[in-house]
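With UniProt numbering applied, the sequence shown corresponds to residues 1 to 377, in that order. One structure is given below, encoded as structure tokens.
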Amino acid sequence: MNSTITNDWDILHLHEVPYSISTKTFWSPSHWIPFFPILTPTHEHPIRSIILVNSNIPSDSFVQLPFASHDVVNLNFTSHKLLIVGIYNDGTHNNTISSLNTYLSTIHNISLYTPIHTVILGDFNRHHALWSGDRCPRRTRDPTNKAMAEPLVELLATHALQLALPPGTPTFWSARWKSWITIDLAFVSSSLEDSILRCHTEHGHGSDHHALVLHLDLRLARNPFAPRPLYRETDWGKFRDVLGERMTANPVLAEQLDSSQAVDSAVTALTENFQEALRQATPVSKPSPYSRRWWTKELSLLRKQYHKAERKAWRRNATEERRQEAAECKVQYFRAIRAQKRRHWKEWLEEANERSVWLAYKYAAAPSNPPPLTSRR
């Protein structure tokens, strides 16, 4: 998420998230609104699917729909009658697929704003020629794999869902099969086929899965950007001068406060004077979604080497040596990031002044959101 430019993406789906993230009540990345499955996570049943919505999308244009699973998150974009389903499908059973099939069949009875378009995306852990193509015939022809994939194929046929990702697109390197496999998928309802601009994969973010990217022409509404006043940089001398000039030009005299209407007018005038003085004396923040203070030129070089090695390792005819080289570059790159972060923030705290100490407090303190209420019963 830290490498994702806010304005480029509307929705992020994460699957197989660390247990530490799924249990953080206050976990809320900057510029993103997280949505978790409605069931409480446990060590036996951790959360394995999260959807994040860009905070510049109006919150009244979508709503989370309940789904009794640790592996599914549903969002209904009521403005477009669009249902987004983020799913992690366990590789050992089809319980989630069966529940989703039933849910899609009955959603007309449980949703106030019935969606007519559907997008389902995530890690499905299934092999079938429909999405694997001819990349590995022995895997798609395996009787066990065919039987496990059949409920998903039936769900697609029942609800008129189409594969958005080109068949055979590699998304994960399987150590078991010693080949690339296609298990991360995106399906859209037939009514959305004409809205698909592109569906492809990206890499370089450190995961063993490729990121699946789906571009849809939907034109969602946006919240206008509102610059934030930087009150800690207010020029208080200028504030006093501007306020004095306005108070002199429009003085509030005690003898004029002879009615409730006059008092209300005086309060309004005073408020406007203070606000105008603050506007003139206070700078505003510039839009910078991801300002990585700790980044260095050395990290840029390591990232370039890592991406170059990964591109070579992901070729269809790549050797085991190429893949090992890419793995070593990945470890070196992310280890250097962790070391540079520790070094930078340690030096930054040692040199903190009366202004930056408040920023340090902001980073260290948890947000003031109240935790969700739970019952012991």
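Here a beta-carbon is modelled for each residue, glycine too, at the ideal position from N, C-alpha and C.
To which residues of the same chain is residue 302 closer than 7 Å at the C-beta, ignoring the five residues directly before and after it? As a first step, residue 302 is located in the sequence shown; it is residue number 302 there, counting from the start. Excluding positions up to five away in sequence, the list reads 332, 333 and 336.
What distance in whole Å lies between the Cβ atoms of residue 216 and residue 197, which are believed to be in contact at a cut-off of 8 Å? By one-based count along the sequence shown, residue 197 stands at place 197. By one-based count along the sequence shown, residue 216 stands at place 216. Right, the Cβ-Cβ distance comes to about 7 Å (below 8 Å), so this counts as a contact.
Measuring CB atoms only, is the stretch 225–237 touching the stretch 59–66, in the sense that at least three cross pairs come out at less than 8 Å? no
For residue 16, the three-state DSSP class (helix, strand or coil): Within the sequence shown, residue 16 is the residue found at index 16, counting from 1. Of the three classes helix, strand and coil, the one that applies to residue 16 here is coil, per DSSP.
My understanding is that residue 132 touches residue 140, with C-beta atoms under 8 Å, so please give their C-beta distance in whole angstroms. For the purposes of this step, residue 132 is identified with residue 132 of the sequence shown, where counting begins at 1. For the purposes of this step, residue 140 is identified with residue 140 of the sequence shown, where counting begins at 1. With a Cβ gap of about 5 Å, residue 132 and residue 140 count as contacting.
Determine contact between the stretch 42–54 and the stretch 201–211, defined as no fewer than three beta-carbon pairs at a distance below 8 Å. Because the criterion of three Cβ pairs below 8 Å is not met, the stretch 42–54 and the stretch 201–211 do not touch.
Near residue 97, which residues of its chain fall below 7 Å by C-beta distance, leaving aside the five closest residues on each side in sequence? For the purposes of this step, residue 97 is taken as residue 97 along the sequence shown, with counting starting at 1. Closer than 7 Å at the Cβ level, and outside the excluded window around residue 97, lie 89, 151, 152 and 155.
Taking the alpha carbon of residue 328 as the reference point, which residue from 135, 310 and 117 has its own alpha carbon closest? Within the sequence shown, the letter at position 328 stands for residue 328. Nearest option by C-alpha distance: 310.
Rounded to whole angstroms, what is the Cα-Cα separation between residue 67 and residue 317? As a working note, residue 67 is residue 67 in the sequence shown. As a working note, residue 317 is residue 317 in the sequence shown. The straight-line gap from Cα to Cα measures roughly 42 Å.
Are residue 35 and residue 73 touching if we call contact CB-CB under 8 Å? Looking up residue 35 in the sequence shown gives position 35. Looking up residue 73 in the sequence shown gives position 73. For the pair residue 35 and residue 73, the CB atoms are nearer than the 8 Å cut-off.
Comparing alpha-carbon positions, which option in 142, 157, 149 and 188 lies nearest residue 115? On the sequence shown, position 115 is the one that residue 115 refers to. Considering only alpha carbons, the answer is 188.
Taking the alpha carbon of residue 277 as the point to measure from, which residue in 259, 246, 252 and 232 has its own alpha carbon closest? Start at 1 with the first residue of the sequence shown, and residue 277 comes out as number 277. Minimum Cα distance to residue 277 is reached at 246.
Out of 71, 262, 270 and 129, state which residue places its alpha-carbon closest to the alpha-carbon of residue 120. Taking the first residue of the sequence shown as position 1, residue 120 is located at position 120. Here the closest residue by C-alpha is 71.
Indicate whether residue 234 and residue 282 have their beta-carbon atoms separated by less than 8 Å. For the purposes of this step, residue 234 is taken as residue 234 along the sequence shown, with counting starting at 1. For the purposes of this step, residue 282 is taken as residue 282 along the sequence shown, with counting starting at 1. Yes, the Cβ-Cβ distance between residue 234 and residue 282 is below 8 Å.
Indicate whether residue 17 and residue 50 have their beta-carbon atoms separated by less than 8 Å. The sequence position of residue 17 within the sequence shown is 17, counting from 1. The sequence position of residue 50 within the sequence shown is 50, counting from 1. Contact: yes.
Using the rule of at least 16 other Cβ atoms within 10 Å of the residue's Cβ for burial, across every protein chain shown, is residue 231 buried or exposed? Taking the first residue of the sequence shown as 1, we reach residue 231 at position 231. So residue 231 ends up on the exposed side.
Distance, Cα to Cα, residue 13 vs residue 136? On the sequence shown, residue 13 is found 13 positions in, with the first residue counted as 1. On the sequence shown, residue 136 is found 136 positions in, with the first residue counted as 1. Residue 13 and residue 136: Cα-Cα distance of roughly 27 Å.
How is residue 49 classed by DSSP in three states: helix, strand or coil? Reading the sequence shown from its first residue, position 49 is the one you call residue 49. The answer is strand: DSSP assigns residue 49 an E or B state.
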